[in-house]
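Report on one structure; see the data block that follows.
Chains as they are written, first to last, in the numbering used here: chain G, 1 to 107; chain D, 1001 to 1469; chain Z, 2001 to 2642; chain U, 3001 to 3494.
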């Protein structure tokens, strides 16, 4: 455990932020819907890292952050489930899961 | 203590009960929609009625959940809206395979909203937010066969997941800087560090996304257009209303220290929403899409009201939402009926609508007038009070912009009326048979639009229980 | 002095007949309308004569001078304290004189029309209009309040409009009526503004008060109105000139006379009543009514004088060349009114200098009789030959003896041959002019000669000249048409002997007038010579007139086209006002003012089309906008609005 | 007496109308309702005069103040003075006449009369309310029905006109709205009587007066915001035109006077040169524009622009006489223009054209209608004996009392407009009523009883004012006097 405490908080935050924006980049650029979901997972996980880190470094007394990250994971799972379902249905109707094929409604 | 639990959580518990009822209702023998729908509607009516008595103020789980007169009223408004929507979707659901699931999704979302409104803690808030979003995304896909429907659902789930990611980032920062998740603690210090401000902005933009305020609104139109009418109605009325309540509570309680910041944020967002919403609404031909953009403009007005940050303004906002529920549901009701029977959803299909369906035409017309804010409909009072509240801070130029945009909005609302009454059409929409449920719902909305304004008691009551900054 | 209150009846009776015939005439009184109207007028005439008798010979004189009596007055419309329109009745020499003239001539015309208009489809309407006109004219002469004058002024204008346009299916008649109304309306604008100025400075609209305030040199009102000025002239001058413009419009003074000849499109009796005897002298009456004020300002008086004189000459010259008998008479009317005007112009308020005033009124009085007589005769002639053109006439003396004699009498009168009425009044005018202004006198003298010439030209070419083309089967018209002629002829001979100077003068005091033979020689001599020339030229048909016309060449043409005045006016309206003012404004309104409104709308739509790309339909784009929004807000609130 | 009846009667009529069916039933109900309104208005007049004669010197009579929204200071506060009563009488007359004129409205008769009655309710409410909120409320009620009336029952490019009218009027009310909010936040009250007492700080007045005045000005066809007038009138059905020109434009004038000028006199004084200039432009420009029109309805529409200019002029001149003149002009023009539109409508229903060029000699076949037309025309060119003369002369006298070159010039120009008026009126009359009759029209019939009744009613009003102005003067005089007294407190004009 002590090895972890040698890493300053800033580094961890840097990682998480990087992760978040990598996720966002993925979300903006990739075309495959499943990949988009993964990108979102990245963003959520970076937030998880934030929570854990803050909790561990700044407020070790309470466990709010940890619990919060647990909830995030759960909900992310639920979200993913629904999203996958929707994507499958989309595939049924569009014969494709390319995000650019589903641009029927615009303007 | 345990008593408190049951009383304070009454509305939520009732909904949970209903959900369970729905889960198990089909055990044993399969019921036909014809027998099912009236039952469900009656149950929902009971839910509405139960909301009105035996309630009390207080909080649970160490400030995580708290309730009060205004909150109860807000929840009742949402209940009412849900009930009306279920009445309106009668003719659509009658032939639908997954009635139960539909209701379960709606009610789950409703539950989520209740928690969101009552939340005293970011965790509960976040849970509520998600709980009220994901089911609707699923419900948006409820016309399984329709291409548009699934596209809408996809767009909604992706965008909302993205927004929730940003909201979470904000929350995590807030947690980082304040070390707590309770509203009472998190924003005690004003906007001193950029972190705080950034986090705060992320949170607000999360709400703005749910309320579909510009520039976070882009999912709205597509989802509204693609989703089944009832779901659209639910999105544009119930879910929007709930977030309005939440943001009201959040900013006025938790955000006190940030009053200056969010005041300016709201001004920016409101101007953007009103102008962009109007400009887009001008061109729409699909009725649901049109209503989507008009509702975006309405959100702009609501923001002006909130910006007033006085008791008058919170009262005005809640009152406006109530009126908006009636007006918008009336419009959606007619659209739902028409699209359920004839599948037509374009404004141009409504040419000479009056020749075949006078009653529906009048309802739609009055709804349009109410949305536009024409007396004697309640919409007039709603808008007047909102802008009055907004003007309290003396920014008349803002009111001026809003007033001018009201003129623009008149154009597109009147365009609908024009289509209905004035334009020729060789084959207008045939005479529709209005099922009793929908008729009831429409009458309720009509009554709401005509009475809620003139009868000052409504506003006075809301004022008496509402609070300022 | 309420013992004059009964005078109210004089205007009210014609009004009653107007209302009665106007509302129910078309239904119930199609035949009896004439009788009703005539009876009403007969009654008012009798009352008028009674009133005249009472005023002039019973109780009008106080301390040797006729004073003014306000028989009754009622505030009709109060503007602000002191300033209000009052309806009332003023009794003084000129108003009583006008009462008699108007009611009497109107009665004659009513009678004459019984025969003349017999069988007309809108017989009742005709009499209704006559009633309206008579009422308005009487109201005008009785006015106590300058705004009351204006009010009735407009009413006579409209009744003249209605009567000129009586044959509404004749485009020329419609055009003429429009012209008459619009030209006079234009003049009335001047009158109105004049009233506004007078009312503003004197703080009242009541004529007697106004006169009282503006004629006493020390009164603050007088000082105010004379000191205030615009373009070098004092407010008083402006006011009076503007008022005079109004009068000039009604009285067909140059250059506002163009409506009068066309007005002859109306039925001839109407011309006799309105455009000869009564309405056209309203201008003269107006100036006379305000004369005390006019006499305070020489500039205004000079304007009156010269405009009057010039119009008299111009009209006389034009009259020599006209071939439509009614137009000839119209121009002669204009010329005679010119006389009256400059007579006023050369007059002064008090004593001997007041001669011109008295003369003018006198001439107004006599002129009413012989000019209406002329017109009625012309009416009778036209009734017979169904044409206004001289060339269609000739040798009618055998066919219509009564008309012939009457016309001759009238001609002698207007020519100013003693002892006919015209002689006396004209002599007075000439005398006044002679005393004041020799130039005017010369013009007047020449005009007198011209008058004699063209009148007798008319007389000879109607009644002598060639043999009549008409058969004896035509008779002269009904008795109801003859009687007025006879009565008027008698008057024309008689009225000259009324001691007018004793009755109607500027200051009310009697005036000693003496016309010595020597003075009369010149005008009378000239007149007789002119008559002889006319006889020489027109008694028998011969090429004489034609030769003269040819010898004059271009000048003749110019004159016969009335100096192209009409063309000028047409040019101004058709070529300037309509295309250069009306059209552009209408265009601007449709295309620029309204265009801006529409442009706003279209611009909005354009913008909304321009930004639609934002809603690209690509969910990633939406997310990008979301993030952009967040960043924007962040930048705004972290860096800008820190 | 209870003023709320004025709102109640039309409301009840409208509700009853909803349950009628068939033209006969509907129009009878509508007529009965309008008749009741008329009687009520006359009764109100009598009661008012009685009170006054008993020496009741309150500014407002029959006041009734009911707290509507107790948390916002919004009251349902009504009351009348002479001016409002004149307006109410005008409204009732025109509504009555309008219903008679549209007696044979076959298309959607129920809706037509319903909207008409609704409009009248809005107008009454506007004229009696003393509370700015109520005033605004009724102002907007009186707008939207017109949109439907024109769009559904109109002719020509009706949708365009209807939309244009609705939008421009709504823009007007939006401006008014901003102004009202401003006034509210400066004074904390919506009550006009109170606000007038606590005279508003100058800079506020200067800032908000333009909003209110322009807003109402759009209703009163203030140049250059008059362009809704021609299109709107031309496309509207007869009754709607009558209402539009007869009453709606008066809403604007009344608002300019009662709200803008009365509450913010200092600003009115400050801006009066601009107002005067705009009004004069409207008068002259409208007159000349009228001269060029070929469609009878356009003629009357533009002449309305010109005539309403007199109203604005009178208000802008800010002398007691001129304001009295403005009110007179409102009443007079209301009656006159309604009569004119009625006549045009009658002609149109028979000849099916409104083009001056295609008409002629109608006097022969339809003497009554022609007479009505001529009377309307003569009234419009300000002939004595009709209301127009009284009103215009009062405006002129009042305007002339306001010294200063600009004002003088404006007055003279406005006077000059009566000549132009004569020109276009006589052109129209000469071409349509007089002249040779077109053979195609030789079979046409004259007015029917309902049309005669309607025209008769309006003519009675016109002639009554024209012949006995002292009567209406008694009514309006005190009202304007009181108002001027209030205004005079802040600005000193004679």
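Ideal placement from N, C-alpha and C gives every residue a C-beta, glycine not left out.
Residue environment, residue i, which counts as buried when at least 16 other CB atoms sit within 10 Å
i	result
residue 2053 of chain Z	exposed
residue 3093 of chain U	buried
residue 2350 of chain Z	exposed
residue 3494 of chain U	Residue confidence is low: residue 3494 of chain U scores 36 on pLDDT, short of 50, so the model does not pin down where it sits. Its coordinate-derived value is still stated next. That one is exposed.
residue 1034 of chain D	exposed
residue 2613 of chain Z	exposed
residue 1 of chain G	Interpretation of residue 1 of chain G is limited by its pLDDT of 48, a score under 50 that renders its predicted location unreliable; the figure taken from the coordinates is listed afterwards. Exposed, since its Cβ has fewer than 16 Cβ neighbours within 10 Å.
residue 2182 of chain Z	buried
residue 2536 of chain Z	exposed
residue 2542 of chain Z	exposed
residue 2261 of chain Z	buried
residue 2551 of chain Z	exposed
residue 1113 of chain D	buried
First and last residue of the uninterrupted alpha helix (DSSP H) at residue i
i	result
residue 1020 of chain D	1010-1025
residue 1280 of chain D	1259-1283
residue 3250 of chain U	3249-3255
residue 3063 of chain U	No alpha helix (DSSP H) contains residue 3063 of chain U, which is instead part of the beta strand (DSSP E) from 3061-3069.
residue 3307 of chain U	3296-3317
residue 2371 of chain Z	2355-2385
Per-residue contacts from residue i into chain Z (C-beta, under 9 Å)
i	result
residue 99 of chain G	2618, 2619 and 2620
residue 3361 of chain U	2168 and 2169
Of the listed residues the options, nearest to residue i (C-alpha basis)
i	options	result
residue 3224 of chain U	U:3472, U:3277 and U:3415	U:3277
residue 3023 of chain U	U:3007, U:3108, U:3414 and U:3084	U:3108
residue 1448 of chain D	D:1326, D:1070 and D:1113	D:1326
residue 2189 of chain Z	U:3460, U:3455 and U:3392	U:3392
residue 3095 of chain U	U:3070, U:3137, U:3311 and U:3037	U:3037
residue 2962 of chain U	U:3074, U:3099, U:3402 and U:3060	Within the shown structure, residues of chain U are numbered from 3001 to 3494, placing residue 2962 of chain U beyond reach of any answer.
residue 3062 of chain U	U:3482, U:3085, U:3075 and U:3178	U:3085
residue 1222 of chain D	Z:2523, Z:2621 and Z:2629	Z:2621
residue 3455 of chain U	U:3013, U:3065 and U:3100	U:3100
First through last residue of the beta strand (DSSP E) which encompasses residue i
i	result
residue 31 of chain G	Looking at the DSSP string, residue 31 of chain G is not in any beta strand (DSSP E), and its letter there is neither H nor E.
residue 3080 of chain U	3074-3080
Residue i Cβ short of 8 Å to the ligand GDP heavy atom set
i	result
residue 3082 of chain U	No copy of the ligand GDP appears in this structure; indeed no ligand is present at all.
Expected contact under 8 Å - CB spacing of residue i and residue j to nearest Å
i	j	result
residue 16 of chain G	residue 53 of chain G	7 Å
residue 24 of chain G	residue 1225 of chain D	That belief does not hold up - the Cβ atoms of residue 24 of chain G and residue 1225 of chain D are roughly 27 Å apart, past 8 Å.
Partner residues on chain D for residue i, Cβ-Cβ distance less than 7 Å
i	result
residue 18 of chain G	Near residue 18 of chain G there are no residues of chain D at all, since even the closest Cβ is about 13 Å away, more than 7 Å.
Chain-ordered neighbours of residue i on chain G, where CB pairs are closer than 9 Å
i	result
residue 1415 of chain D	Here the premise fails: no neighbours, minimum Cβ distance about 17 Å.
Proximal chain G residues relative to residue i, where beta-carbon distance stays under 7 Å
i	result
residue 1179 of chain D	58 and 59
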